[in-house]
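Asker: Sharing a structure below in C-alpha coordinates format, with a few things to ask.
In my numbering, the protein residues as written are 1 to 179.
Structural data, given as C-alpha coordinates:
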(Lines of atoms letter the chains of each structure in order from A; the text may use other names.)
(Lines give C-alpha, C1' and ligand atoms only; values in the text may rest on other atoms or scores of the structure.)
Protein backbone atom coordinates (compact mmCIF):
# COMPACT_ATOMS: atom_id res chain seq x y z
CA UNK A 1 0.00 0.00 0.00
CA UNK A 2 2.95 2.34 -0.47
CA UNK A 3 1.03 4.08 -3.24
CA UNK A 4 -1.46 5.61 -0.82
CA UNK A 5 1.25 8.09 0.22
CA UNK A 6 0.49 9.98 -2.98
CA UNK A 7 -3.25 10.46 -2.38
CA UNK A 8 -3.74 10.37 1.40
CA UNK A 9 -2.89 13.41 3.55
CA UNK A 10 0.07 12.66 5.86
CA UNK A 11 -2.00 13.02 9.06
CA UNK A 12 -4.42 10.35 7.77
CA UNK A 13 -1.91 7.71 6.59
CA UNK A 14 -1.84 5.64 9.78
CA UNK A 15 -5.64 5.46 10.02
CA UNK A 16 -6.23 4.69 6.33
CA UNK A 17 -3.45 2.08 6.26
CA UNK A 18 -4.83 0.54 9.44
CA UNK A 19 -8.26 0.14 7.86
CA UNK A 20 -6.77 -1.47 4.73
CA UNK A 21 -4.54 -3.84 6.73
CA UNK A 22 -7.39 -4.85 9.00
CA UNK A 23 -9.67 -5.51 6.05
CA UNK A 24 -7.06 -7.65 4.29
CA UNK A 25 -5.36 -9.49 7.15
CA UNK A 26 -7.68 -9.81 10.14
CA UNK A 27 -11.21 -10.50 11.19
CA UNK A 28 -11.59 -6.96 12.55
CA UNK A 29 -14.21 -5.06 10.62
CA UNK A 30 -13.23 -1.46 9.90
CA UNK A 31 -15.91 0.84 8.49
CA UNK A 32 -16.93 0.14 4.90
CA UNK A 33 -17.45 3.83 4.23
CA UNK A 34 -15.41 6.57 5.87
CA UNK A 35 -14.02 10.00 5.14
CA UNK A 36 -10.45 11.21 5.23
CA UNK A 37 -8.27 14.08 4.08
CA UNK A 38 -6.81 13.27 0.68
CA UNK A 39 -4.41 14.92 -1.72
CA UNK A 40 -4.81 15.79 -5.37
CA UNK A 41 -1.90 15.29 -7.74
CA UNK A 42 -0.98 18.96 -7.31
CA UNK A 43 -0.87 18.53 -3.50
CA UNK A 44 -4.16 20.33 -2.81
CA UNK A 45 -5.89 18.86 0.24
CA UNK A 46 -9.44 17.61 -0.27
CA UNK A 47 -11.99 15.57 1.65
CA UNK A 48 -12.62 12.08 0.30
CA UNK A 49 -15.43 9.66 1.05
CA UNK A 50 -14.07 6.15 0.60
CA UNK A 51 -16.23 3.05 0.21
CA UNK A 52 -14.22 -0.15 0.42
CA UNK A 53 -15.00 -3.84 0.27
CA UNK A 54 -12.82 -6.93 0.12
CA UNK A 55 -12.83 -8.89 -3.15
CA UNK A 56 -10.98 -11.83 -4.65
CA UNK A 57 -8.68 -10.72 -7.47
CA UNK A 58 -6.91 -13.48 -9.38
CA UNK A 59 -7.31 -15.74 -6.35
CA UNK A 60 -5.92 -13.19 -3.89
CA UNK A 61 -7.72 -11.04 -1.32
CA UNK A 62 -7.81 -7.46 -2.55
CA UNK A 63 -9.73 -4.27 -1.85
CA UNK A 64 -12.14 -2.59 -4.19
CA UNK A 65 -12.52 1.09 -3.39
CA UNK A 66 -14.72 3.85 -4.67
CA UNK A 67 -13.70 7.40 -3.77
CA UNK A 68 -15.71 10.57 -4.02
CA UNK A 69 -14.50 14.14 -3.49
CA UNK A 70 -16.79 15.54 -0.77
CA UNK A 71 -14.84 18.75 -0.16
CA UNK A 72 -17.76 21.02 -1.07
CA UNK A 73 -20.11 19.19 1.32
CA UNK A 74 -17.55 19.21 4.16
CA UNK A 75 -16.91 22.93 3.59
CA UNK A 76 -20.66 23.65 3.63
CA UNK A 77 -21.04 21.58 6.83
CA UNK A 78 -18.22 23.53 8.50
CA UNK A 79 -19.74 26.86 7.43
CA UNK A 80 -23.18 25.79 8.69
CA UNK A 81 -21.71 24.70 12.04
CA UNK A 82 -19.89 28.04 12.39
CA UNK A 83 -23.09 29.92 11.55
CA UNK A 84 -25.06 27.88 14.10
CA UNK A 85 -22.43 28.56 16.79
CA UNK A 86 -22.63 32.29 16.06
CA UNK A 87 -26.43 32.25 16.16
CA UNK A 88 -26.39 30.29 19.44
CA UNK A 89 -23.93 32.82 20.92
CA UNK A 90 -26.19 35.74 19.95
CA UNK A 91 -29.34 33.98 21.20
CA UNK A 92 -27.72 33.21 24.54
CA UNK A 93 -26.15 36.67 24.91
CA UNK A 94 -29.30 38.76 24.52
CA UNK A 95 -30.63 39.87 27.89
CA UNK A 96 -34.20 38.64 27.32
CA UNK A 97 -35.89 35.29 27.62
CA UNK A 98 -36.17 33.86 24.12
CA UNK A 99 -37.82 30.69 22.91
CA UNK A 100 -39.61 29.24 19.89
CA UNK A 101 -42.30 26.58 20.13
CA UNK A 102 -43.97 24.33 17.58
CA UNK A 103 -47.73 23.94 17.05
CA UNK A 104 -47.89 21.45 19.95
CA UNK A 105 -46.24 24.09 22.21
CA UNK A 106 -43.00 22.09 22.45
CA UNK A 107 -39.79 24.08 22.63
CA UNK A 108 -37.70 23.96 19.46
CA UNK A 109 -35.29 26.74 20.48
CA UNK A 110 -34.51 28.09 23.95
CA UNK A 111 -31.91 30.56 25.17
CA UNK A 112 -29.99 30.25 28.43
CA UNK A 113 -32.01 32.92 30.22
CA UNK A 114 -35.31 31.16 29.47
CA UNK A 115 -33.86 27.81 30.52
CA UNK A 116 -32.56 29.32 33.76
CA UNK A 117 -36.12 30.38 34.64
CA UNK A 118 -36.97 26.64 34.56
CA UNK A 119 -33.78 25.68 36.39
CA UNK A 120 -32.32 23.71 33.50
CA UNK A 121 -30.24 24.12 30.35
CA UNK A 122 -31.61 24.89 26.86
CA UNK A 123 -30.94 21.43 25.38
CA UNK A 124 -32.95 19.74 28.15
CA UNK A 125 -36.02 21.73 27.11
CA UNK A 126 -36.01 20.93 23.39
CA UNK A 127 -39.01 18.81 22.37
CA UNK A 128 -40.78 19.36 25.68
CA UNK A 129 -43.64 21.62 26.78
CA UNK A 130 -43.32 24.12 29.62
CA UNK A 131 -45.59 21.88 31.70
CA UNK A 132 -43.32 18.85 31.20
CA UNK A 133 -40.17 20.87 31.94
CA UNK A 134 -41.64 22.31 35.12
CA UNK A 135 -39.31 24.24 37.39
CA UNK A 136 -41.82 27.05 37.87
CA UNK A 137 -45.00 27.44 39.91
CA UNK A 138 -47.96 25.58 38.41
CA UNK A 139 -49.99 28.81 37.96
CA UNK A 140 -47.15 30.31 35.86
CA UNK A 141 -46.97 27.18 33.69
CA UNK A 142 -50.74 27.16 33.19
CA UNK A 143 -50.75 30.86 32.25
CA UNK A 144 -47.92 30.33 29.76
CA UNK A 145 -49.77 27.41 28.19
CA UNK A 146 -52.98 29.46 27.90
CA UNK A 147 -51.06 32.27 26.18
CA UNK A 148 -49.49 29.75 23.79
CA UNK A 149 -52.95 28.47 22.84
CA UNK A 150 -54.16 32.06 22.31
CA UNK A 151 -51.27 32.82 19.95
CA UNK A 152 -51.76 29.54 18.05
CA UNK A 153 -55.50 30.17 17.70
CA UNK A 154 -55.07 33.72 16.41
CA UNK A 155 -51.97 33.09 14.31
CA UNK A 156 -50.78 36.53 15.33
CA UNK A 157 -48.18 37.70 17.84
CA UNK A 158 -49.70 38.82 21.11
CA UNK A 159 -48.10 41.42 23.34
CA UNK A 160 -48.88 40.81 26.95
CA UNK A 161 -49.05 43.61 29.52
CA UNK A 162 -46.90 43.42 32.60
CA UNK A 163 -47.46 40.20 34.49
CA UNK A 164 -46.01 38.52 37.55
CA UNK A 165 -43.76 35.46 37.49
CA UNK A 166 -41.90 33.72 40.26
CA UNK A 167 -38.25 32.78 39.73
CA UNK A 168 -36.58 29.59 41.02
CA UNK A 169 -35.75 31.23 44.35
CA UNK A 170 -39.38 32.30 44.88
CA UNK A 171 -38.70 35.96 44.05
CA UNK A 172 -41.61 37.71 42.37
CA UNK A 173 -40.70 39.22 38.97
CA UNK A 174 -42.63 41.80 36.97
CA UNK A 175 -42.32 40.99 33.26
CA UNK A 176 -43.70 41.92 29.87
CA UNK A 177 -43.84 39.58 26.94
CA UNK A 178 -44.59 39.00 23.31
CA UNK A 179 -45.55 35.59 21.99
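Think of the CB as a built atom: it goes at the ideal place given N, C-alpha and C, for glycine as much as any other residue. These numbers were taken from a predicted model, which means no experiment stands behind them.
Just list the alpha helix (DSSP H) runs in the region 3-41, keeping only unbroken ones of 4 residues or longer that don't cross its boundaries, in chain order.
Answerer: 13-25
Asker: Please report the distance separating the alpha-carbon of residue 64 from that of residue 55.
Answerer: Counting from 1 along the chain shown, the entry for residue 64 is found at position 64. Counting from 1 along the chain shown, the entry for residue 55 is found at position 55. One C-alpha to the other measures close to 6 Å.
Asker: How would you label residue 117, buried or exposed, when you count the other beta carbons within 10 angstroms and need 16 or more for buried?
Answerer: Counting from 1 along the chain shown, the entry for residue 117 is found at position 117. Residue 117 should be labelled buried.
Asker: I need the DSSP call for residue 165, collapsed to helix, strand or coil.
Answerer: If you number the chain shown from 1, residue 165 lands on position 165. The answer is strand: DSSP assigns residue 165 an E or B state.
Asker: Residue 67 bridges to which residues according to DSSP?
Answerer: Start at 1 with the first residue of the chain shown, and residue 67 comes out as number 67. Looking at the DSSP assignment, residue 67 forms a beta bridge with 50.
Asker: Are the beta-carbon atoms of residue 264 and residue 92 separated by less than 9 Å?
Answerer: Examination of residue 264 is not possible in this model, given that the chain is present from 1 through 179 alone.
Asker: Between the alpha carbons of residue 173 and residue 167, how many angstroms are there, rounded?
Answerer: Taking the chain shown and counting its residues from 1, the one referred to as residue 173 is at position 173. Taking the chain shown and counting its residues from 1, the one referred to as residue 167 is at position 167. Within the model, the alpha-carbon separation for residue 173 versus residue 167 is close to 7 Å.
Asker: Extract the residue ranges of the beta strand (DSSP E) inside the region 92-148, only unbroken runs of 3 or more that lie entirely within it.
Answerer: 99-101, 107-110
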